[in-house]
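Mapping of the sequence shown onto numbering that gives the first Met the number 0: position 487 corresponds to residue 486, and the numbering continues sequentially without gaps. Heads up, the beta-carbon is just placed ideally off N, CA and C, and yes, glycines get one too. Structure record follows, encoded as C-alpha cells.
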Amino acid sequence: MRTSSGSERLSDEILRRVCREVGDLLPSDRICLALPSSDAAEITLVTVHPPRERCSPRTLPRRGSRAAQVLRRCAVSITSNLRDRARYVEERILREYGMAEAAFLPLVCGNRPAGVLILGSSEPGRPEKKASGIPQEALGRVARAIGSSGDAAGRGAAGGGGGGDGASEALQRALRRMAAFVAVANRIVQEDDLDSVCRMFLDTVHENSGFSRAVLTLIDQEGRDLQFYFTGFSDAEIDYFHGHKPEAVQRTAMFRDAHRVGGSYVVPAGDCNDGGLRPGTAQDLLFIPLYGSGASLVGTVMLAGPETAEPPTAESLSPLEMFAGQMAHALQKKRLDREIKSMQERLLSVQAQLLQAERMSAIGLLISGVAHELNNPLSGVMGFAQLLLASELNPKVRKHLERIHSEAVRSQRIVQNLLSFARRHQPEKTHESLNVVIDGVLELRSYQLKVDNIEVVRRYDAHLPRTMLDFHQLQQVILNVVNNAHQAMMEVSGRPRRLVIDTRQTGGMLRGSFTDTGTGIAQDRLESIFDPFFTTKKGSKGTGLGLSVSRSIIDDHQGSMSAESILGEGTTIHVDLPLIEEQRPAKDPGKETKPADTPPKPLRLLVVDDESILVELLTEFLRMSGHTVDDARNGQAALALATANEYDVILTDLKMPGLDGQTLYERVRKLKPHMAHRFIFSTGDLANPKTQTFFQTAGCPYLSKPFRLEAVLKLLDQVMGGTRAA
C-alpha cells in the first residue's frame, strides 16, 4: 500500500474538525471514508474518527478492495469477525486498529456512488443494528459533500489546476461547510432566543455560501413578511431594501421551475425587482426557500454578490438546502414553543383571575352578611333620630341629634358602597355620572387615605355629562387606580402625598385623570404596566392583574387607559370613556298617573320584621302619621294576622328566619289575590341579584335599609294611589 501526497491534505486539522462533528452523530469506535479516484482505479482511505488519532490517508488498489465492491453493488456490507477473518485490504487495516467488526455503507449523491462510509467497532456485537441506526440525514450530508467536491475537482482538472490537489481542496471546503452546518444546527436546537437563532443561521450561510450579502426573511402562516435579518449590508442599503423588497406575489412569480436549481432558485437580474437592492447592482440572485413540515414556507434566504463566476449547481447547493431545511424545522418548533408559552401564560392569567374572583366572591359573602347586620341598627339610629328631630328640642340637643343622623347617613353610604363593590353583578350599563362613581370609591378609601396623610384634590367638571357605563365595573377600575396611587405614595417620603383627580369632557370623550406624587415609573416599563402579571410593587404586594383587568373593562366600554410618568416624581393614569346618550323608551301618555288632589286617608297597616328596633320605629312613626298599625316579629305570626284581618298595606322585611318575606308574600297572594300589589318590602341586601329578580317579578315597591322615614310615606302614597316603584 502507498500514500498519495495529494491526499495527505485530507488529514489536516480542518478535516479532522469537520469529521469530528460528523463522528459525534455515528455510533462507532472508528469511522473511515473510502473515496474513489476520478478514474476509479484507486481508493483513498481516510480515518475521520476518533479525532485524537492522526493517521495518514492510504491509497489502495481497487482490486481486492471491499469498498470498491460496495461501490459497484451500491449495497451495505457487514464483516462480523475481523480478528479471525480479514479477506479485504480495508478489513486488514481495520484489524490493525483493533477493530472486531465493520459495516460498509455506500454514500450516494444523485444517482452515482460518491464513496463508502466505514464504521468500525472494537467489541463484537450487532453491526447490522448499528448501521441501521445511523441517521440517513448524516449519510446524505457526507455524500453530498463528497459529490460537490468531486464536481469542483473536475472543474479544477479541466482548467489545468492539478486534479489530485483540486479534489482534496474541494473536499476540504465541502467538509468544512458541512462541519459548520452541523455545529450550528446543534447550537440552533439548544438556543431559545429566536433572534440569536436567526443570526447564527444567517452568519453561517453567509460564511459558507460564497456570497457577500445575505437576507433572511421570516414568513408568517399567511405568507406575509414577518421579520428580516441582514448580513453584508450597510444601514443605507437596509433602508433601501425595506422600501423596495419583493412582495409575496413577486415571490410566487420568482419561485418557478424555470429558475429552479436543485431545491433553490437562481433568479436572473430584472425578474425580481432587483431583490430590493440599490439600482446599479443588478445581478442574478440565489433564493433558498426554508420549507418546514407539510411543505410550508417559513422563510427565504436571498444571497447576492457571488465570489466566483461559476453558477451554483444542485450538488453544490445541496448542503445549504439541507441546512436551510434544518433551520425551517427549528423555526417551526420555536414558533410552536412560543405559542405554547403564550397559551400557558394566558392559562395562568385566567387561573389567577378565577382565583381572584373566588376570593372576591368569598369576601362579598362576608361583607354582605356584615352589611345586612349593620343596616338594621343603622335604620333604627336614623329613624329614631328623625323622630326626635321632629319634636321641640333644646338647640344644643338638636345639634347633637343632627350630627348623629348625618353620621348614620354617612355610615349608610359606606355600607351601600361595600355591598355594591363586593357583590358580583351581571354586566349592565346605565346612564351614570363619572364624578359620582369616583366619589363612591373615595368614600370607601377616605379613612385610610386620611390616616396615611394623603391629600385628595377633586378638580371635577361640575357640568360633566353622564354616559352609559357599568357602575360596578367602573368602580372596580377606579378603586384599582386609587389603590395603586396610594401604595406608590407610601413608598416616598420628604414631599407631600397628594392625589389629584381631574374630570373633563374633550369632544366626544370623558376623561378621568388620577395624578399621584408617588415613586413614578421608568419610561421603558410604562406601557408594560397594563400587561398581565406585570407589577411594579415589591414582594407580594401585587399580582400584576389589576391594571390588566381594568384596561379590559375600559376596552369593553369602547374607551382606553393610558399612563404618563416621571421616575421619582409621580404617575398619571388616564381613563377615557365615550360620551353616550341614554336611550329612553317613549312614554305612553295613557299610562301616566296624576298625583292625588286629596290628602291620604288613614290606613290599616301590618309591619313585619324580626328586628324589634325596626318594628318599634315603624309602628310609632306610622301611628304618629295617623295610621292604624299591627305588628309581627316573624313571618308565621304575620301570616296568621294577614289571614284573619284585612290590611291596606303590609310592610315586611324580606330576609327573616323561618318564613321569610318572599314566602309570606306568595302565601298571602294565594289566599287574597287583591293583596298582590299591596306589599312594601324592606331589605339590606339590594345588590343581591336574587333580590333584584324577585322585586322585578313581584312588581312591588321596596325600601333599601337603612331608609329615611319620609320614604315610607311616599311608598304608601304610591301603593294606594296605584303607582308602583320598580
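1) Look up D575 in the DSSP assignment and say whether it is helix, strand or coil.
2) Beta-carbon within less than 6 Å of I572's beta-carbon, same chain only, minus the 5 sequence neighbours each way: which residues are those?
3) Quick check: what's the CA-CA separation for E206 versus Y290?
4) Would G165 be called buried (16 or more neighbouring beta carbons within 10 Å of its own) or exposed?
5) What residues are listed by DSSP as bridge partners for P60?
6) Find the nearest neighbour of M488 within the set G569, K395, M508, V548, judged by alpha-carbon distance.
7) Can you look up D238 in the DSSP assignment and give me helix, strand or coil?
8) So R176 packs on P310, CB below 8 Å; how close in whole Å?
9) Out of curiosity, what's the CA-to-CA distance linking P288 and S208?
10) Tell me which same chain residues have a C-beta within less than 7 Å of the C-beta of D515, skipping the five on either side of it?
11) Can you name the residues that DSSP bridges to V300?
12) Going by C-alpha to C-alpha distance, which of G298, S263, L34, N80 sits closest to S64?
13) Let me make sure I understand the geometry here. Which of R111, K713, D83, S76 has the alpha-carbon closest to that of A102?
14) On the criterion of 16 or more Cβ atoms from any shown chain inside 10 Å, does P464 qualify as buried, or is it exposed?
15) From the DSSP output, which residues share a beta bridge with L605?
16) Mapping DSSP to helix, strand and coil, what is M177?
17) Considering only heavy atoms of the ligand GTP, does any lie closer than 6 Å to the CB of V476?
18) Given this structure, state the Cα-to-Cα distance separating R632 from L640, to the nearest angstrom.
19) Please classify R65: does DSSP put it in a helix, a strand, or coil?
20) Quick check on L118: does DSSP put it in helix, strand or coil?
21) Which residue wins for smallest C-alpha separation from S120, given the options R111, A99, L104?
22) May I ask you to report which of helix, strand or coil DSSP gives D684?
23) Give the list of continuous alpha helix (DSSP H) stretches no shorter than 4 residues that lie fully inside the segment 401-455.
24) Roughly how many angstroms lie between the CA atoms of I612 and S551, to the nearest whole one?
25) Find the nearest neighbour of A697 within the set Q661, G720, Q717, P688, judged by alpha-carbon distance.
26) L316 by DSSP, collapsed to three states: which one?
27) Mind checking whether V440 and L468 have CB atoms under 7 Å apart?
28) Is E320 closer than 7 Å to G262 when the C-beta atoms are compared?
29) Which residues mark the beginning and the end of the beta strand (DSSP E) in which G511 is found?
30) Which residues bound the beta strand (DSSP E) around A33?
31) Please state whether DSSP places A562 in a helix, a strand or coil.
32) Locate the alpha helix (DSSP H) running through R491, then write down its first and last residues.
33) How far does the alpha helix (DSSP H) with M467 in it extend, from its first residue to its last?
34) Please state the DSSP three-state secondary structure of V396.
35) Using only alpha-carbon positions, find the residue among H471, P700, A213 that is nearest to K713.
36) By the three-class DSSP mapping on this structure, what secondary structure does G569 have?
Taking the structure as given:
1) Here residue 575 refers to the residue found at position 576 of the sequence shown. Note: D575 maps to strand in three-state DSSP.
2) Translated into positions along the sequence shown, residue 572 becomes position 573. Contacts found: V480, F513, A562.
3) On the sequence shown, residue 206 is found 207 positions in, with the first residue counted as 1. On the sequence shown, residue 290 is found 291 positions in, with the first residue counted as 1. Their Cα atoms are separated by approximately 22 Å.
4) On the sequence shown, position 166 is the one that residue 165 refers to. Any answer about G165 is weak, because its pLDDT of 47 lies below 50 and its placement is not dependable; what the coordinates show is given next. With 16 or more Cβ atoms within 10 Å of its Cβ, G165 is classed as buried.
5) Within the sequence shown, numbered from 1, the residue matching residue 60 stands at position 61. Bridge partners of P60: E41.
6) The count along the sequence shown starts at 1 and reaches residue 488 at position 489. The shortest C-alpha to C-alpha distance from M488 to any of G569, K395, M508, V548 is the one to G569.
7) Position 239 of the sequence shown, counting from 1, holds the residue named residue 238. It is helical.
8) Counted from its first residue, the sequence shown places residue 176 at position 177. Counted from its first residue, the sequence shown places residue 310 at position 311. That belief does not hold up - the Cβ atoms of R176 and P310 are roughly 18 Å apart, past 8 Å.
9) Within the sequence shown, numbered from 1, the residue matching residue 288 stands at position 289. Within the sequence shown, numbered from 1, the residue matching residue 208 stands at position 209. About 15 Å.
10) Position 516 of the sequence shown holds residue 515. Hits under 7 Å: A484, A487, M488, L498, G569, T570.
11) In the sequence shown, residue 300 corresponds to position 301, counting from 1. DSSP output for V300 lists L215, I287 as bridge partner(s).
12) Translated into the one-based positions of the sequence shown, residue 64 becomes position 65. Minimum Cα distance to S64 is reached at L34.
13) Walking along the sequence shown from the start, residue 102 turns up at place 103. Ranking the options by Cα distance to A102, first place goes to S76.
14) In the sequence shown, the residue the question calls residue 464 occupies position 465. Answer is exposed; the Cβ neighbour count stays below 16.
15) Residue 605 sits at position 606 when you count from the first residue of the sequence shown. In the DSSP output, where bridge partners are listed per residue, L605 has D629, I649.
16) For the purposes of this step, residue 177 is identified with residue 178 of the sequence shown, where counting begins at 1. Helix, per DSSP.
17) Ligands are entirely absent from the displayed structure, and the ligand GTP is therefore not among its contents.
18) Your numbering for residue 632 matches position 633 in the sequence shown. Your numbering for residue 640 matches position 641 in the sequence shown. Near 11 Å, if we compare the C-alpha coordinates of L640 and R632.
19) The sequence position of residue 65 within the sequence shown is 66, counting from 1. Reduced to three states, the DSSP call for R65 is helix.
20) Start at 1 with the first residue of the sequence shown, and residue 118 comes out as number 119. In this structure, L118 counts as strand in the three-state DSSP scheme.
21) Position 121 of the sequence shown, counting from 1, holds the residue named residue 120. That would be A99, whose Cα lies nearest to the Cα of S120.
22) Taking the first residue of the sequence shown as 1, we reach residue 684 at position 685. In the three-state scheme derived from DSSP, where H, G and I count as helix and E and B as strand, D684 is classed as coil.
23) 433-450, all fully within the segment 401-455.
24) For this step, residue 612 is matched to residue 613 along the sequence shown. For this step, residue 551 is matched to residue 552 along the sequence shown. The alpha-carbon separation between I612 and S551 amounts to approximately 46 Å.
25) Start at 1 with the first residue of the sequence shown, and residue 697 comes out as number 698. Taking only the C-alpha atoms, the option nearest A697 is Q661.
26) The residue you call residue 316 lines up with position 317 of the sequence shown. Helix.
27) Mapped onto the sequence shown, residue 440 falls at position 441. Mapped onto the sequence shown, residue 468 falls at position 469. Contact: no.
28) Counting from one through the sequence shown, the residue named residue 262 turns up at place 263. Counting from one through the sequence shown, the residue named residue 320 turns up at place 321. Against a cut-off of 7 Å, the Cβ pair of E320 and G262 comes out as a contact.
29) Reading the sequence shown from its first residue, position 512 is the one you call residue 511. In the DSSP assignment, G511 falls within the beta strand (DSSP E) that extends over 508-514.
30) Along the sequence shown, one-based indexing puts residue 33 at 34. 29-35 is the span of the beta strand (DSSP E), which, as asked, contains A33.
31) As a first step, residue 562 is located in the sequence shown; it is residue number 563 there, counting from the start. Note: A562 maps to strand in three-state DSSP.
32) Residue 491 sits at position 492 when you count from the first residue of the sequence shown. Reading off the sequence shown, one finds Val at residue 491, where the question assumed Arg. Here V491 belongs to no alpha helix (DSSP H), and DSSP marks it neither H nor E.
33) The sequence position of residue 467 within the sequence shown is 468, counting from 1. Note, M467: premise wrong, no alpha helix (DSSP H); beta strand (DSSP E) at 466-468.
34) Taking the first residue of the sequence shown as position 1, residue 396 is located at position 397. Helix at V396.
35) Position 714 of the sequence shown, counting from 1, holds the residue named residue 713. Selected option, being the one with the closest Cα: P700.
36) Counted from its first residue, the sequence shown places residue 569 at position 570. DSSP places G569 in strand when its eight states are reduced to three.
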